[in-house]
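> Okay, so the sequence shown: first residue is 15 according to the working numbering, each after it adds one.
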Amino acid sequence: MITPLKRKNFDELIPAVPTYEQYQYYSGNGQNVFRRVAISIASVIIFTILYNRVHENNPSSFAALAMFVCAALGGLYWMLEPVVLASIRNAKLRRFAYCGFWQAEVLDVYVSQEVLAREEKVDSRGRMDVSYDAESFLNIELGDETDFVTTLRLPMRRELKRVRPEQTVYMLLFSNDRRFGRVSRQTSDAYIPQYNLWVGDYPYLRRDAFIDLTKYMVNRSQRVAR
Numbered sequence: 015m016i017t018p019l020k021r022k023n024f025d026e027l028i029p030a031v032p033t034y035e036q037y038q039y040y041s042g043n044g045q046n047v048f049r050r051v052a053i054s055i056a057s058v059i060i061f062t063i064l065y066n067r068v069h070e071n072n073p074s075s076f077a078a079l080a081m082f083v084c085a086a087l088g089g090l091y092w093m094l095e096p097v098v099l100a101s102i103r104n105a106k107l108r109r110f111a112y113c114g115f116w117q118a119e120v121l122d123v124y125v126s127q128e129v130l131a132r133e134e135k136v137d138s139r140g141r142m143d144v145s146y147d148a149e150s151f152l153n154i155e156l157g158d159e160t161d162f163v164t165t166l167r168l169p170m171r172r173e174l175k176r177v178r179p180e181q182t183v184y185m186l187l188f189s190n191d192r193r194f195g196r197v198s199r200q201t202s203d204a205y206i207p208q209y210n211l212w213v214g215d216y217p218y219l220r221r222d223a224f225i226d227l228t229k230y231m232v233n234r235s236q237r238v239a240r
């Protein structure tokens, strides 16, 4: 069942300012951090040189101010890049007019593989050797009493092996239709309360707020059932 949420709840669950988990997702590993720091250092050096040249000729010019601002932003690039990337990703969901809380059931779970790259090599005997770089994905088919069905496709991880048919899953759906006659998008950030398990590949939601919302919705449905 899809329960429409107020815009206030929508904005709280998917904030314009990225959450800590979203920032960490785009921060990446040490290699990514080193890359951003290197870009920051290079930006500061380049724009500082340009600023000095422009400042010597015309200290009060707009170009001098622009170079100064670019140098300052370049110095913060290592920290700002994850914020910008996460904000853009959040904005793609926040542009929808309506958001709905969806209680679904796992209908089926199966594994599939996708070929990411194909490499051809010629061995010492002149024979062609073809190798494939493949990745396993877990497909979780979800549905509800209204016969609405969708599938989550996620990179395989060890904790996902606990996902089984008939488990209850909570997530958000998005639409520009107030009645959700057409669902335009879903988050891959789905919550299975049985194991307190999040199965998404990206932390779209403010998870503490979503867990509180889940408890409220479950308690409300139990009261109605009585």
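Where is the CB? At the ideal position from N, CA and C, for every residue including glycine.
Computed from a predicted structure; not experimentally measured.
Which one of 93, 221, 113, 152 has the shortest CA to CA distance from residue 120?
Reading the sequence shown from its first residue, position 106 is the one you call residue 120. Residue 120 has its Cα closest to that of 152, out of 93, 221, 113, 152.
> Measure the C-alpha to C-alpha separation of residue 106 and residue 141 and round it to an integer number of angstroms.
The sequence position of residue 106 within the sequence shown is 92, counting from 1. The sequence position of residue 141 within the sequence shown is 127, counting from 1. Going from the Cα of residue 106 to the Cα of residue 141 covers about 48 Å.
> Would residue 180 count as contacting chain D if we go by Cβ distances under 9 Å?
Absent from the structure is chain D; it holds one protein chain and no more.
> Quick one: what's got a C-beta closer than 7 Å to residue 269's C-beta in the same chain, skipping five residues either side?
The structure shown does not extend to residue 269, since the chain spans only 15 to 240, so no value can be given for it.
> Note the first and the last residue of the continuous beta strand (DSSP E) segment covering residue 163.
On the sequence shown, position 149 is the one that residue 163 refers to. From DSSP, the beta strand (DSSP E) with residue 163 extends over 163-169.
> Under 9 Å between the Cβ atoms of residue 197 and residue 204?
Indexing the sequence shown from 1 puts residue 197 at position 183. Indexing the sequence shown from 1 puts residue 204 at position 190. Result no, Cβ atoms of residue 197 and residue 204 do not sit closer than 9 Å.
> Could you please give me the residues that DSSP links to residue 54 through a beta bridge?
By 1-based counting over the sequence shown, the position of residue 54 is 40. Its beta-bridge partners do not exist; DSSP assigns none.
> For residue 126, count neighbouring Cβ atoms within 10 angstroms of its own Cβ and tell me buried if that reaches 16, exposed if not.
Locating residue 126 in the sequence shown gives position 112, where the first residue counts as 1. Its Cβ having fewer than 16 others within 10 Å, residue 126 is exposed.
> Please report the residue range of the beta strand (DSSP E) in which residue 213 lies.
Here residue 213 refers to the residue found at position 199 when the sequence shown is read from its first residue. First-last for residue 213: undefined, no H or E at that position.
> Along the chain, where does the alpha helix (DSSP H) that runs through residue 96 open and close?
For the purposes of this step, residue 96 is taken as residue 82 along the sequence shown, with counting starting at 1. Here the alpha helix (DSSP H) through residue 96 covers 91-108.
> Flag this pair as yes or no: are the beta carbons of residue 27 and residue 224 separated by less than 9 Å?
Reading the sequence shown from its first residue, position 13 is the one you call residue 27. Reading the sequence shown from its first residue, position 210 is the one you call residue 224. Yes, Cβ-Cβ distance for residue 27 and residue 224 is below 9 Å.
> Counting C-beta neighbours from all protein chains within 10 Å, is the total for residue 150 16 or more, i.e. buried, or is it exposed?
Taking the first residue of the sequence shown as 1, we reach residue 150 at position 136. By the 10 Å Cβ count, residue 150 comes out exposed.
> Nearest-angstrom Cα distance between residue 176 and residue 108?
Counting from 1 along the sequence shown, the entry for residue 176 is found at position 162. Counting from 1 along the sequence shown, the entry for residue 108 is found at position 94. Answer to the nearest angstrom: the Cα atoms are 31 Å apart.
> Whose CA, out of 34, 95, 219, 207, lies closest to the CA of residue 181?
To locate residue 181, count along the sequence shown from 1; it is residue 167. Selected option, being the one with the closest Cα: 207.
> Compare the beta carbon distance of residue 43 and residue 218 with 9 Å and say whether it is the shorter of the two.
Position 29 of the sequence shown holds residue 43. Position 204 of the sequence shown holds residue 218. Not closer than 9 Å, so no.
> Are residue 65 and residue 82 closer than 9 Å when you measure CB to CB?
Looking up residue 65 in the sequence shown gives position 51. Looking up residue 82 in the sequence shown gives position 68. Result yes, Cβ atoms of residue 65 and residue 82 sit closer than 9 Å.
> For residue 61, which residues in the same chain have their Cβ closer than 7 Å to its Cβ, ignoring the five residues on either side in sequence?
Numbered from its first residue, the sequence shown carries residue 61 at position 47. Here the set comprises 81, 84, 85, 88.
> Are the Cβ atoms of residue 96 and residue 32 separated by less than 9 Å?
Taking the sequence shown and counting its residues from 1, the one referred to as residue 96 is at position 82. Taking the sequence shown and counting its residues from 1, the one referred to as residue 32 is at position 18. Yes, these two residues count as a Cβ contact at 9 Å.
> Since residue 124 sits in a beta bridge, which residues does DSSP pair it with?
By 1-based counting over the sequence shown, the position of residue 124 is 110. 153.
> Please state whether the Cβ-Cβ distance between residue 156 and residue 164 is less than 9 Å.
If you number the sequence shown from 1, residue 156 lands on position 142. If you number the sequence shown from 1, residue 164 lands on position 150. Contact flag set, yes.
> First and last residue of the beta strand (DSSP E) that includes residue 24?
The residue labelled residue 24 in the question sits at position 10 within the sequence shown. No beta strand (DSSP E) contains residue 24, which is instead part of the alpha helix (DSSP H) from 21-27.
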